[in-house]
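Note sheet for the following structure.
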Amino acid sequence: MEAERKYLEDVVQLLQNVSWLHNFPLTQIFTRNVFKEMPEKWREVLFDLPLDVLNSIPQSISKVPAEWPLTLQNFLEECRRLSVHQLLSNYPSHSSSKAVQIPPRFVHKISAKKKHEVAGVVRLVKSLAKRTSSTHILDIGSGKGYIDSCLHETLKLTVVGAESEEKLVSSATERQTELAGQCPGVKHFIWSLADDEATLNTAREVIENLVKVKQPCTCFINTCSRCQSLDSKQSVHIKKCSCCRKIMAQGTEVGQALSAERITVYKENFNTPGVWSALALSKSKNSLNNSCMLLGLHACADLSPIIMKMFRVSCQASSLVLLSCCYHKLKSQKQGSKMSGGAMNDKNKKLERVSSADHVRGTSSLSQKYSNGLSNEENTESHSCQESSENEISDTIADEFLNFPMSQTLRGILDQHQFQMTVFGLRLGAQESGLKWQNQTPEQHECHWKNVAFRGLLEVFCQQEGLTLKKCRRRCARKSLFVDLRDYAKTIKEHYEFVNTSHFPPQSDTVQNSESTFENSEELISNALSNLENAMEKDYERHKHLFPLIEPFTGLQLALQPVIEGLVLLDRVTFLRECGFTNVWLEKVFKDELSPRNVALVALR
Numbered sequence: 003m004e005a006e007r008k009y010l011e012d013v014v015q016l017l018q019n020v021s022w023l024h025n026f027p028l029t030q031i032f033t034r035n036v037f038k039e040m041p042e043k044w045r046e047v048l049f050d051l052p053l054d055v056l057n058s059i060p061q062s063i064s065k066v067p068a069e070w071p072l073t074l075q076n077f078l079e080e081c082r083r084l085s086v087h088q089l090l091s092n093y094p095s096h097s098s099s100k101a102v103q104i105p106p107r108f109v110h111k112i113s114a115k116k117k118h119e120v121a122g123v124v125r126l127v128k129s130l131a132k133r134t135s136s137t138h139i140l141d142i143g144s145g146k147g148y149i150d151s152c153l154h155e156t157l158k159l160t161v162v163g164a165e166s167e168e169k170l171v172s173s174a175t176e177r178q179t180e181l182a183g184q185c186p187g188v189k190h191f192i193w194s195l196a197d198d199e200a201t202l203n204t205a206r207e208v209i210e211n212l213v214k215v216k217q218p219c220t221c222f223i224n225t226c227s228r229c230q231s232l233d234s235k236q237s238v239h240i241k242k243c244s245c246c247r248k249i250m251a252q253g254t255e256v257g258q259a260l261s262a263e264r265i266t267v268y269k270e271n272f273n274t275p276g277v278w279s280a281l282a283l284s285k286s287k288n289s290l291n292n293s294c295m296l297l298g299l300h301a302c303a304d305l306s307p308i309i310m311k312m313f314r315v316s317c318q319a320s321s322l323v324l325l326s327c328c329y330h331k332l333k334s335q336k337q338g339s340k341m342s343g344g345a346m347n348d349k350n351k352k353l354e355r356v357s358s359a360d361h362v363r364g365t366s367s368l369s370q371k372y373s374n375g376l377s378n379e380e381n382t383e384s385h386s387c388q389e390s391s392e393n394e395i396s397d398t399i400a401d402e403f404l405n406f407p408m409s410q411t412l413r414g415i416l417d418q419h420q421f422q423m424t425v426f427g428l429r430l431g432a433q434e435s436g437l438k439w440q441n442q443t444p445e446q447h448e449c450h451w452k453n454v455a456f457r458g459l460l461e462v463f464c465q466q467e468g469l470t471l472k473k474c475r476r477r478c479a480r481k482s483l484f485v486d487l488r489d490y491a492k493t494i495k496e497h498y499e500f501v502n503t504s505h506f507p508p509q510s511d512t513v514q515n516s517e518s519t520f521e522n523s524e525e526l527i528s529n530a531l532s533n534l535e536n537a538m539e540k541d542y543e544r545h546k547h548l549f550p551l552i553e554p555f556t557g558l559q560l561a562l563q564p565v566i567e568g569l570v571l572l573d574r575v576t577f578l579r580e581c582g583f584t585n586v587w588l589e590k591v592f593k594d595e596l597s598p599r600n601v602a603l604v605a606l607r
């Protein structure tokens, strides 16, 4: 714990020293005079760098040029020392060294990235299943169920996938049925998790009942000798083969019969009160020592902390495998207040900070610990990974998040330093690693700096005219548009909505006054946009001397990215240790070039 505390202190000190590098949205790179905050000696040596030196910055440069200032050299060395990659070297790998063979039909028509992720997770789960003797998995945020089908097929585990989006649940069920029939060993349900006591109570009940049911595998697929001899890609859609259709139908009938025998009351929504208590479980002599593994692959934003809290309170959850993403989408205290009229703050803090040693041993009652908890009705937002609109980003310099920091240790360090992370810093921590940067071509660098520069100039124009941008669609500008500033400006007018932030009437105004003000505002916006191209060209001339610093600046940010990610992940490790779990570690599961969010938080009860 002391080594981890020292790491957290060093990271906070580093981030505080270079807050100008990460505490702002990149769109405001000119309006906030960010380059003025960069030390002058840094600007001098970073200006117009050779390609090989520029590309090596995110990797913290193994051989720093001797003429670089000592402060810059120290910064890059600290980024290397405190990166998540260096942090991983403190933990031994627990994944199975042997590659797990996954039948080709189970990964047919999915991306190379997803295939790689499936193989990595299966390898780690195989090792943990052997170590814990767990035969069940609860996959939170299961999506289309790719990993669930593979885990059941290769490891013969009973897998339950929980997902908040009904369409994804339907897709996962259809895919599994097409692959192997309606096997009771793989099920998918709708479950929208909230960050409250009711969800934790439900989770504990779900897991306790899940492990009591030993579901048999009734997968009947490709037993037709003709299909077995075919290429795997040809035999994926077994519905084309009349022989296999009969075999699949047989398996479906068997699976349905077994499910009906074991479960008389069946509902597909975990949020229904008492759903699991209504299950008529089989009379098998399964002991209460049966356990379940919790899995969260790409658990977005607050979903990761929720899964951790579920693991904490569920004594029959033997282990946790959590790969997180989208740290910048963690809810702030302000968002929590809006969702529940201010009540969510204090109650969720109680949920986070209560000592959990009793829960680790399974001797404490949730109802006793959290008598004033929130109900599901107060926060039923689905924790899906939705893209945030650019106009939704606030200009807040520092913010307090509901689930960051999670540990008392980091909370105390931040208080001591009077420092808070911003949503922009957390966004940087969730970006791709700098590995791809080392192979950037001059053309790619030019495209990137123009992207940043043009968008920054657009922000300058908006600030001068009192306008706010709102995207009309997700992708608003093609890379080809960054060649010419005028073409970029014309396209922006087509794909962005400009809102006047300076001429909204007070709420007490009459409808007539409101309509008049709206018309005046529309006219002002129209007049301003008619001069957009000329205004941006003037601003281009005023700022072009800074353009050569954009790529080195980006390189410095990429050097800082693994440091911020390490801070978030180690905070979560420390939180679980504070809760009484001693066997907690971080493990790299995927390759950086294929999947940037590749570090799993693993815990054993």
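Going by my numbering, the sequence shown opens with residue 3, and the numbers climb by one from there.
Where is the CB? At the ideal position from N, CA and C, for every residue including glycine.
Every value quoted in this text rests on a predicted model; they were computed, and no experiment measured them.
Worksheet entry | Bounding residues of the beta strand (DSSP E) (the contiguous stretch that carries W193) | Reading the sequence shown from its first residue, position 191 is the one you call residue 193. Neither: W193 is in no beta strand (DSSP E) and is coded neither H nor E.
Item to complete: In the DSSP assignment, find the alpha helix (DSSP H) that holds E69 and state where it starts and stops.
Response: By one-based count along the sequence shown, residue 69 stands at place 67. Careful: E69 lies outside any alpha helix (DSSP H) and carries neither H nor E.
Fill in: Chain-order list of residues whose beta-carbon lies under 8 Å from that of S391 (same chain, five-residue window excluded)
Sequence index remark: in the sequence shown, residue 391 carries index 389 (1-based). Per-residue confidence for S391 stands at a pLDDT of 38, beneath the threshold of 50, marking its modelled position as unreliable; the derived number appears in the next sentence. The residues are K472 and K473.
Item to complete: Quick one: using the 10 Å Cβ neighbour count with 16 as the cut-off for buried, is L17 buried or exposed?
Response: As a first step, residue 17 is located in the sequence shown; it is residue number 15 there, counting from the start. Label assigned to L17: buried.
Fill in: Cα-Cα separation, V604 to M295
The residue labelled residue 604 in the question sits at position 602 within the sequence shown. The residue labelled residue 295 in the question sits at position 293 within the sequence shown. Their Cα atoms are separated by approximately 11 Å.
Worksheet item: Just the Cα atoms here: how many angstroms apart are F463 and M538?
Response: On the sequence shown, residue 463 is found 461 positions in, with the first residue counted as 1. On the sequence shown, residue 538 is found 536 positions in, with the first residue counted as 1. F463 and M538: Cα-Cα distance of roughly 7 Å.
Worksheet entry | Of the listed residues W44, P94 and S166, nearest to L126 (C-alpha basis) | The residue given as residue 126 occupies position 124 in the sequence shown. Closest by alpha carbon: P94.
Worksheet item: Straight-line CA distance for K43 to Y490?
Response: Against the sequence shown, residue 43 aligns to sequence position 41. Against the sequence shown, residue 490 aligns to sequence position 488. For K43 and Y490, the distance between alpha carbons rounds to 34 Å.
Worksheet item: Within 8 Å: the Cβ of L159 and any heavy atom of the ligand NAD?
Response: The ligand content of the structure shown is nil, which means the ligand NAD is not present either.
Worksheet item: Roughly how many whole angstroms lie between the Cα atoms of L181 and K438?
Response: To locate residue 181, count along the sequence shown from 1; it is residue 179. To locate residue 438, count along the sequence shown from 1; it is residue 436. In a straight line, the C-alpha of L181 is about 36 Å away from that of K438.
Worksheet item: Expressed to the nearest angstrom, what Euclidean distance is found between the alpha-carbon atoms of V123 and I149?
Response: Walking along the sequence shown from the start, residue 123 turns up at place 121. Walking along the sequence shown from the start, residue 149 turns up at place 147. Taking the straight line from one Cα to the other gives about 8 Å.
Practice prompt. Spatial neighbours of L428 within its chain, please: CB distance less than 6 Å, with the 5 preceding and 5 following residues excluded, ordered by chain position.
Written response: Walking along the sequence shown from the start, residue 428 turns up at place 426. Result list for L428: Y329 and H330, in chain order.
Worksheet item: Do G145 and L305 have their C-beta atoms within less than 9 Å of each other?
Response: Walking along the sequence shown from the start, residue 145 turns up at place 143. Walking along the sequence shown from the start, residue 305 turns up at place 303. In this structure, L305 does not lie closer than 9 Å to G145 by Cβ.
Discussion item. Between the alpha carbons of N76 and L596, how many angstroms are there, rounded?
Written reply: If you number the sequence shown from 1, residue 76 lands on position 74. If you number the sequence shown from 1, residue 596 lands on position 594. About 30 Å.
Worksheet item: Are D12 and R107 close, meaning C-beta to C-beta below 9 Å?
Response: In the sequence shown, counting from the first residue as 1, residue 12 sits at position 10. In the sequence shown, counting from the first residue as 1, residue 107 sits at position 105. In this structure, R107 does not lie closer than 9 Å to D12 by Cβ.
Worksheet item: Could you give the distance in angstroms between the alpha-carbon of V570 and the alpha-carbon of T443?
Response: Your numbering for residue 570 matches position 568 in the sequence shown. Your numbering for residue 443 matches position 441 in the sequence shown. Rounded to whole angstroms, V570 to T443 spans 32 Å at the Cα level.
Worksheet item: Mind checking A262: buried by the 16 CB within 10 Å criterion, or exposed?
Response: Locating residue 262 in the sequence shown gives position 260, counting from the first residue. The predicted model places A262 with a pLDDT of 39, which falls under 50 and marks its position as unreliable; any figure quoted below should be read in that light. The residue is exposed, with fewer than 16 neighbouring Cβ atoms inside 10 Å.
Worksheet entry | Coarse secondary structure for D486, derived from DSSP in three states | Here the question's residue 486 lines up with position 484 in the sequence shown. Note: D486 maps to coil in three-state DSSP.
Worksheet item: For the beta strand (DSSP E) that contains I142, what are its first and last residues?
Response: Residue mapping note: residue 142 aligns to position 140 of the sequence shown, counting from 1. H138 to I142 is the span of the beta strand (DSSP E), which, as asked, contains I142.
Discussion item. I'd like to check one pair, L90 with L588: are the Cβ atoms closer than 9 Å?
Written reply: As a first step, residue 588 must be located in the sequence shown, where it is residue number 586. As a first step, residue 90 must be located in the sequence shown, where it is residue number 88. In this structure, L90 lies closer than 9 Å to L588 by Cβ.
Item to complete: Report yes or no: do the stretch 177 to 197 and the stretch 210 to 222 share at least 3 C-beta pairs separated by less than 8 Å?
Response: yes
Item to complete: For N405, count neighbouring C-beta atoms within 10 Å of its own C-beta (all shown protein chains included) and say buried if the count is 16 or more, exposed if not.
Response: Locating residue 405 in the sequence shown gives position 403, where the first residue counts as 1. By the 10 Å Cβ count, N405 comes out buried.
Fill in: Spatial distance of I494 from S528 (CA atoms)
Here residue 494 corresponds to residue number 492 of the sequence shown, with the count starting at 1. Here residue 528 corresponds to residue number 526 of the sequence shown, with the count starting at 1. Using only the alpha carbons, I get a separation of about 14 Å.
Fill in: Reference V86, options V454, I59 and S435, closest by Cα
What you label residue 86 is simply residue 84 of the sequence shown in a count that begins at 1. Comparing Cα-Cα distances from V86 to each of V454, I59 and S435, the minimum goes to S435.
Worksheet item: My guess is that I31 and G458 are in contact by the Cβ rule of under 8 Å, so how many angstroms apart are they, rounded?
Response: Stepping through the sequence shown from its first residue, residue 31 is reached at position 29. Stepping through the sequence shown from its first residue, residue 458 is reached at position 456. Between G458 and I31 the Cβ distance is about 5 Å, and since that is below 8 Å, they are a contact.
Worksheet item: Does DSSP put E354 in a helix, a strand or coil?
Response: The sequence position of residue 354 within the sequence shown is 352, counting from 1. The predicted model places E354 with a pLDDT of 41, which falls under 50 and marks its position as unreliable; any figure quoted below should be read in that light. Looking at E354 - three-state DSSP - the assignment turns out to be helix.
Discussion item. Rounded to whole angstroms, what is the Cα-Cα separation between L130 and L558?
Written reply: Numbered from its first residue, the sequence shown carries residue 130 at position 128. Numbered from its first residue, the sequence shown carries residue 558 at position 556. So the alpha carbons of these two residues sit roughly 38 Å apart.
Item to complete: Look at T156 and Q103 and say whether their C-beta atoms are less than 9 Å apart.
Response: One-based indexing of the sequence shown puts residue 156 at position 154. One-based indexing of the sequence shown puts residue 103 at position 101. Yes, these two residues count as a Cβ contact at 9 Å.
Worksheet item: Any idea what DSSP makes of I327, helix, strand or coil?
Response: Position 325 of the sequence shown, counting from 1, holds the residue named residue 327. Inspection of the sequence shows that residue 327 is occupied by Cys rather than by Ile. Here C327 sits in strand by DSSP.
Discussion item. I'd like to confirm the pairing. Which residues does DSSP put opposite A605 in its beta bridges?
Written reply: If you number the sequence shown from 1, residue 605 lands on position 603. Note: A605 sits in a beta bridge opposite L322 and V586.
Item to complete: For K117, collect the residues of the same chain with a Cβ closer than 6 Å to its Cβ; drop the 5 residues on either side in sequence, then sort them by chain order.
Response: On the sequence shown, position 115 is the one that residue 117 refers to. Taken in chain order, the residues that qualify are V109.
Discussion item. Along the chain, where does the alpha helix (DSSP H) containing Y148 start, and where does it finish?
Written reply: If you number the sequence shown from 1, residue 148 lands on position 146. Y148 -> alpha helix (DSSP H) spans Y148 to L157.
Item to complete: Could you check how far apart the C-beta atoms of L416 and Q422 are, in whole angstroms? I think they sit under 8 Å.
Response: Translated into positions along the sequence shown, residue 416 becomes position 414. Translated into positions along the sequence shown, residue 422 becomes position 420. Contact holds; Cβ gap of about 6 Å.
Discussion item. According to DSSP, simplified to helix, strand and coil, what is C464?
Written reply: What you label residue 464 is simply residue 462 of the sequence shown in a count that begins at 1. Reduced to three states, the DSSP call for C464 is helix.
Worksheet item: For C449, which three-state DSSP category applies?
Response: Numbered from 1 along the sequence shown, position 447 holds the residue referred to as residue 449. In the structure shown, C449 sits in a helix (DSSP, three-state: H, G or I).
Fill in: T443 (DSSP reduced to helix, strand or coil)
The residue given as residue 443 occupies position 441 in the sequence shown. Reduced to three states, the DSSP call for T443 is coil.
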